[in-house]
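Notes follow the structure.
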Amino acid sequence: MTETVLLVGGGGREHAIARALTDADCALYACAGNKNPGIARVAAGFETLETTNPTAVRTYADEAGADLAVIGPEAALEAGVADALDEAGVYTFGPREEEARIETDKAFQRRFMRENDIPGCPDFETFDDMDAAAEYIREYDGDLAIKPAGLTGGKGVRVMGDQIDEDEAVEYVRESGYDRVVLEERLVGEEFTVQALVANGDVRVTPAVQDHKRAYEGDDGPNTGGMGSYSDATLELPFMNRDDYMEAVDVIESTVDALDGYKGVLYGQFMLTADGVKVVEFNARFGDPEAMNTLPVLNTDFLDVLTAAREGSELPQLSFAPKATVCKYAVPDGYPTDPEAGAAVTVDEDGAAEIAADFDGEAILYYASVDDREDGIYTTTSRSFAVVGVAGSITEAEEIAEAVLSEAGEDGLRMRHDIGKPDLVQQRIDHVEELR
Ligand code: AMP
Ligand code: GLY
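One gets this note's numbering by counting positions in the sequence shown from 1 and adding 30 to each.
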């Protein structure tokens with residue numbers, strides 16, 4: 031039977047999901063707030079709608095005749111879109127609002143870890159009285175990370191000793207008007223992501239990825255949604271060993287055990303510290319950009335995972351091509367603080383394929399938040415598009431991504447050239463060696 035799949039969301043992550051379903055035996059329909067030209071091109075239908083409106087998504091699922099759904103963005107999960115689709119009989123690979131709290135409520139997330147003895151939980155306290163939070167900051171012996179409890183698109187966290195000092199931390203909790211904050215021990219080390227596909231109690235993990243949240247080269251500037259990311263041809267990254275990776279897998283498995291009936295992607299953001307692997311946060315969906323590293327090397331049919339999840343059968347074991355990937359986002363000038371929209375986006379996909387072939391690899395273009403007008407494709411104020419290089423080594427994958435980006439008309443666009451370059455990867459290795 032041909033499945034009809036509804037994809038919710040229109041970013042680079044969702045373009046990667048769409049692409050993973052393109053060769054599968056399914057009819058793909060998509061909906062998002064913005065029309066993503068890459069998704070629209072491979073989908074049988076594309077509807078522009080507010081993805082945080084469960085009724086609108088459900089109505090479109092009905093029209094499309096969907097029997098399965100995949101939700102990309104956290105805001106849709108928080109709004110209960112999975113609940114609405116499940117209730118309508120459309121099996122949704124994405125947690126219900128209640129289970130998505132593992133991402134959408136950071137205070138819940140930390141308390142959940144503590145109550146269930148999940149390994150890797152940093153020392154923390156939660157506050158809804160900001161005077162008490164300020165006092166805690168003054169009295170705490172050491173640096174803290176200050177986290178608004180709710181969703182902030184990855185841009186609300188402030189880390190003492192890194193971005194701000196003690197006075198600024200006090201001012202931040204007092205002035206920013208958050209209802210609830212989590213104050214937790216500052217973790218020092220190297221960050222990495224492990225994403226798992228989860229359903230019916232089964233957990234299938236994917237290779238580790240390292241994202242780059244800071245806006246500018248050398249890890250400078252404000253945090254963004256993620257400027258780019260890389261993965262290696264092995265499950266772990268060059269600065270980690272297999273035991274570190276397995277420690278992260280253990281955290282994910284313990285979390286799924288403690289979460290009753292979780293389904294969808296469970297994304298663990300980890301810090302490899304001098305005391306082992308710690309949890310920075312969980313997300314209830316694929317990472318963006320990390321999905322663009324993971325799905326291109328997934329050899330297992332993603333549709334088979336979705337249908338097994340729906341049928342209540344065992345999830346297939348995942349197999350991955352032994353390839354490294356480097357993903358680089360092109361973002362509008364001024365992103366994330368003062369982004370300027372309206373620059374033309376021109377990427378020569380045929381040229382990209384030729385460049386990749388020269389390296390014996392692959393180049394993939396993923397559209398994100400662009401404005402698809404009659405006379406061409408233009409930037410908006412969010413991340414515009416990403417290029418992923420896939421090859422035998424991180425170095426070659428990086429060269430592919432750079433070569434394609436250099437053809438992509440850089441006027442009005444910016445990117446981090448350092449992501450995946452040997453120098454930066456070596457810095458990560460040296461950093462961990464210093465810590466151990
Ligand atoms: P989040 O919104 O939770 O992803 O946090 C954004 C970024 O803040 C993370 O990727 C980390 O770089 C940083 N961060 C969050 N929590 C901590 C922590 N406890 N210690 C150090 N850095 C942190
Ligand atoms: N790459 C970070 C995120 O998806 O939240």
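For each residue, glycine too, the CB sits at the ideal point set by N, CA and C.
Is L217 near ligand 1, in the sense that its beta carbon is under 7 Å from a heavy atom of that ligand?
yes
With 16 other Cβ atoms within 10 Å as the buried cut-off, status of A238
buried
With 16 as the cutoff for other CB atoms within 10 Å, does P366 come out buried or exposed?
Here P366 is buried. Its C-beta has 16 or more other C-beta atoms within 10 Å.
Starting from D195 and walking both ways along the beta strand (DSSP E), at which residues does that stretch end?
Unbroken run through D195: none, as it is neither H nor E.
Leaving out five residues before and five after K358 in sequence, what residues of the same chain have Cβ atoms less than 7 Å from its Cβ?
G258, A416, V417, A431, L435, M445, R446 and I449
Following a CB-centred definition, is E320 positioned closer than 7 Å to any heavy atom of ligand 2?
yes
DSSP three-state call for E344: helix, strand or coil?
coil
Excluding the 5 residues flanking M143 on each side, which residues of the same chain have their C-beta closer than 6 Å to its C-beta?
C151
Should the region 218-238 be regarded as contacting the region 260-274, the criterion being three or more beta carbon pairs within less than 8 Å?
yes
Would the beta-carbon of N253 be found less than 7 Å away from any heavy atom of ligand 2?
no
Buried or exposed for S468, please, with buried defined as at least 16 other CB atoms from any protein chain shown within 10 angstroms of its CB.
No answer is possible for residue 468: it lies beyond the span of the chain, which begins at 31 and ends at 466.
Would you identify the three-state DSSP class for A354, choosing helix, strand or coil?
strand
Between the region 98-105 and the region 335-352, can you find at least three pairs of beta-carbon atoms closer than 8 Å?
Counting C-beta pairs with one atom in each stretch, the region 335-352 and the region 98-105 have three or more that are closer than 8 Å, which means they touch.
So T410 is in the beta strand (DSSP E); what residue range does that whole segment cover?
T410 -> no beta strand (DSSP E), and no H or E assigned at all.
Applying the criterion that 16 or more other CB atoms from any shown protein chain within 10 Å of the CB defines a buried residue, is M31 buried or exposed?
exposed
Below 7 Å CB to CB, which residues in the same chain sit around D232 once its five sequence neighbours on both sides are set aside?
E344 and L345
I'd like to check one pair, V224 with G119: are the Cβ atoms closer than 8 Å?
no
Once DSSP output is grouped into helix, strand and coil, what is the label at F2?
This structure does not reach residue 2, given that the chain is present from 31 up to 466, and the question cannot be answered.
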